[in-house]
Structure formats: C-alpha cells, structure tokens
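Below is one structure, written out as structure tokens, with a few remarks after it.
Protein chains in written order, with the working numbering: chain A, 331 to 545; chain B, 331 to 545.
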C-alpha cells in the first residue's frame with residue numbers, strides 16, 4: 331500500500347505539475363512566451379458577439395495604453411470612451427465606413443492627443459513656460475494604441491485600429507461632436523468587444539525587410 | 331506510514347502545485363497577466379552591461395515588430411540592424427545626443443518606412459497601379475516600434491525609442507549614410523542590449539485623461 335501511494339506521488343511528480351521551468355513557475359510558459367504569443371496573435375477584430383465589456387476591464391486596458399513610451403515624457407494622450415450607439419452616426423459622420431463595426435462593439439475608445447506642450451524652452455529650463463507644438467504626439471499615440479490593442483488581445487477581447495487622423499473629413503466631425511479643445515485632435519477610433527472568432531492574425535514576416543549595416 | 335504518505339501527498343496538493351488557474355495551466359500566471367505585466371514594466375533603457383545579443387534574438391524581436399497593425403495592410407516598415415560602432419558617428423551625426431547610448435548597446439535597430447504605396451486607385455481596383463503617398467506609414471511605424479520594445483522587455487533585454495523623424499537634422503544624415511532609397515525615411519533608432527537594471531518603469535496612470543461619452 332505504501333508502495334502504491336509512493337507510485338501515485340511519483341506519478342504526480344512525473345506528470346510534471348511540480349516540474350520547474352525556472353525557479354518561480356511550475357510548468358508555466360515564460361513571460362516572454364506569453365507576451366510574444368499575444369503580439370503574434372493580435373488581429374484586427376471587426377466581428378463581435380455583442381456581449382458587454384466591464385468598465386473595469388476598459389480601465390485596465392487604458393492603464394496599459396498610458397504605459398506607452400512618450401517623447402520627452404509629455405504623455406499627450408486622452409481617451410474618450412463611447413457606449414451610446416445612438417450618437418455614433420452624429421459623432422463619426424455617415425460617411426465613416428466603420429460605423430457598423432462601431433455599433434456592433436461593446437464600446438468605442440477614441441484616442442485623442444494634445445498636439446501642444448506647455449513648458450519652458452528646452453534651451454532655457456529656468457524661463458517661463460511657453461506653449462508650442464509637440465512634434466512627437468503622433469508617435470506616442472501610435473504606441474499607446476498598440477498597447478491597448480495588445481492588452482485587449484491578452485484578456486481575450488477583440489479590437490481594431492480605425493484611423494481618424496490625418497484625414498480631416500474623418501477627425502473634424504469627431505472633434506466637434508466630442509467637444510474637444512482646440513489643441514486636442516482625435517487620432518483613431520478603436521471598437522472593443524468580445525470577438526466572434528471570425529478574425530484571425532496575419533503572418534506578416536518578411537525577412538527581406540531586415541537589412542544589416544546598410545540598405 | 332500510509333497515513334503519513336497520504337499527508338505528504340495532501341501537502342503536495344495543498345501546496346497548490348496541481349491547483350489549476352484554468353484548464354491548461356497549473357499555477358501559471360495567465361497570458362493576460364504576463365502580457366500586461368510586460369506592458370507595465372517596459373521602460374526606456376539607456377544603461378547597458380555591454381553583453382552581446384544573438385542575431386536570432388534580434389530576429390525574434392523583428393518578427394514581433396512586423397506583427398504590428400498596418401493601415402490597409404501596406405506594411406511600410408524596413409529595419410536596418412547596426413553593430414559596427416565605428417560607423418555610428420558618421421551615421422547619426424556628432425550632434426545626436428544619443429550617440430553614447432548607441433555605442434554602449436549590443437545593436438541599434440533603425441526603423442525605416444517606405445512613405446509611398448504602389449497600388450491601383452482605391453476607387454478603381456481594376457486600374458493600373460500608381461505610386462502615391464501612404465498617409466498612415468508613421469502610425470504603422472509607431473505600433474511596430476512599440477511591439478519591438480515590448481518583445482525586448484519580455485525577453486529580458488532593454489531598449490529605448492530615440493526619435494529621428496520628424497527632425498530632418500536627425501534623419502537626413504541617417505538616410506544618406508544607410509543609402510536609403512528616396513521613398514524611404516528613417517523613423518527612429520532603437521539601441522538594444524542587456525540592461526544594467528538602473529532604468530525603471532514610470533507610473534503614468536492619469537485617470538483624468540479618461541473621458542466618457544464626451545470631453
């Protein structure tokens with residue numbers, strides 16, 4: 331009997347449930363494996379089940395969005411979370427071909443940017459703050475949007491980046507409808523929801539795009 | 331004796347080594363937890379140990395970079411991997427204040443973009459392909475750069491996004507030194523290496539940046 335229970339214990343161990351990949355995690359994919367699988371599995375999701383998404387989940391994704399790198403750490407981003415589908419046509423304009431996707435999603439997050447920065451001149455940190463254009467806001471918003479899309483993929487939700495900027499016919503109606511200040515521009519609109527599973531990631535690997543030392 | 335071994339077995343189970351967070355993974359952080367921790371832990375790393383990074387690792391990070399979303403799936407990105415530090419001053423120009431960081435890194439990846447697209451007019455897919463500006467290349471490059479930075483963080487490496495575009499005094503010397511075609515612009519330079527641990531992530535969460543339904 332003792333022997334049989336030892337065998338059970340041995341089997342438990344052999345099954346690997348206490349086998350260690352590293353010191354911390356029994357049988358776990360590494361953070362690298364999990365993160366890179368999320369990056370490779372992220373896809374543009376345009377088909378949603380219609381299920382709701384909790385505000386707390388959206389907040390978690392926005393925390394990820396605000397963790398993006400920012401030129402000179404200016405953090406120009408703002409986010410407008412939309413749920414009232416009755417306003418979507420007025421906000422985005424009837425010509426926005428993504429309206430049906432927006433209306434099928436649980437929410438649409440409009441990524442916005444303050445295109446200005448108010449600070450002392452770079453060459454004179456002691457001087458009075460002045461307001462000037464921030465040349466890197468668009469890059470910060472791109473990184474912030476990608477963080478949001480990856481966090482959505484990671485928690486099992488679907489989203490798709492739909493461009494507003496640099497197209498005035500797309501972003502100006504949104505700027506007006508959302509009552510954005512003069513210095514704030516709507517960058518993109520990201521519908522978020524529970525994916526149906528219809529959308530799949532693309533394999534975009536092109537080794538010829540990698541060059542060494544020169545073109 | 332049987333009892334004591336049962337207790338050992340019970341203790342093994344109570345220790346949780348076979349406790350399941352979900353059906354697949356005993357005791358594992360979820361993909362969501364791992365991915366979001368990578369996003370929140372990513373930091374701008376400017377201090378490197380000087381250790382080398384394998385080409386295969388850089389390739390893995392570039393696979394992640396090319397998995398970024400791309401407007402109309404144009405995928406405008408190209409990457410130039412630099413290791414020959416003797417050329418860095420000539421490539422980036424003596425005025426680039428990031429030169430010391432570049433020289434301390436294991437490699438510098440210059441993210442580049444084809445700013446044009448050659449395809450039939452959108453309103454006439456049957457017509458002959460024409461070359462025109464791609465209005466979304468900068469957004470695609472921002473997402474691609476963030477994927478690379480997150481993949482680097484995930485595998486335990488450090489990197490930092492240093493802007494070249496939109497500053498001609500920074501990107502023109504690089505464009506010339508790397509022999510880039512007329513339609514290709516250097517977007518940013520990302521030094522990559524083994525971090526010393528000196529650099530830490532910033533908490534950028536600002537709930538006041540989240541708006542609901544309108545500004």
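For each residue, glycine too, the CB sits at the ideal point set by N, CA and C.
Annotation: residue 477 (chain B) to residue 472 (chain A) spans about 11 angstroms, alpha carbon to alpha carbon. At a Cβ-Cβ threshold of 8 angstroms, residue 403 (chain A) and residue 446 (chain A) do not count as neighbours.
Short of 8 angstroms from the beta carbon of residue 387 (chain A), and not among the five residues preceding or following it, lie these beta carbons of its own chain, in chain order: 485 and 487. With respect to chain B, the C-beta atom of residue 465 (chain A) has a partner C-beta closer than 8 angstroms. For residue 406 (chain B), the secondary structure class from DSSP, reduced to helix, strand or coil, is coil. For residue 481 (chain A), the chain B residues whose Cβ falls inside 9 angstroms of its Cβ are 362, 365, 366 and 369, in order along the chain.
Taking every protein chain shown into account, the CB of residue 466 (chain A) has 16 or more other CB atoms within 10 angstroms, so this residue is buried. Excluding sequence positions up to five before and after residue 457 (chain B), its CB lies within less than 8 angstroms of the CB of 450 and 451, all in the same chain and listed in chain order. For residue 386 (chain B), the secondary structure class from DSSP, reduced to helix, strand or coil, is helix. As the crow flies, the alpha-carbon of residue 401 (chain B) is around 8 angstroms from that of residue 469 (chain B). Contact of residue 485 (chain B) with chain A is assigned, a C-beta pair being separated by under 8 angstroms.
When DSSP states are grouped into helix, strand and coil, residue 380 (chain A) belongs to the coil group. The beta carbon of residue 399 (chain A) lies closer than 6 angstroms to those of 473 in the same chain, with the five residues before and after it left out.
Residue burial annotation: residue 418 (chain B) is buried, with at least 16 other C-beta atoms found within 10 angstroms of its C-beta. Annotation: residue 452 (chain A) is outside any beta strand (DSSP E) and is labelled neither H nor E by DSSP. Residue pairing from DSSP places residue 443 (chain B) in a beta bridge opposite B:407 and B:515.
The closest CA to that of residue 490 (chain A), considering only A:498, A:504 and A:529, is found on A:529.
In chain order, 440, 442, 494, 501, 504 and 505 place their CB closer than 6 angstroms to the CB of residue 516 (chain A), counting only its own chain and leaving out the 5 sequence neighbours on each side.
In this structure, A:406 is the residue among A:424, A:406 and A:483 with its C-alpha nearest to the C-alpha of residue 462 (chain A).
In this structure, the alpha-carbon of residue 396 (chain B) lies about 14 angstroms from that of residue 444 (chain B).
Boundaries of the alpha helix (DSSP H) harbouring residue 475 (chain B): 467-484, taken from the DSSP string. Chain-ordered, the chain B residues with CB closer than 9 angstroms to the CB of residue 411 (chain A) read 540, 541, 542 and 543. By the Cβ neighbour-count rule, residue 523 (chain B) is buried, with 16 or more other Cβ atoms within 10 Å of its own. Assigned with DSSP and collapsed to three states, residue 436 (chain A) falls in coil, not helix or strand.
Residue 527 (chain A) sits in coil when the DSSP states are folded into three classes, being neither helix nor strand.
Linking residue 435 (chain B) to residue 378 (chain B) through their CA atoms gives a straight-line distance of about 6 angstroms.
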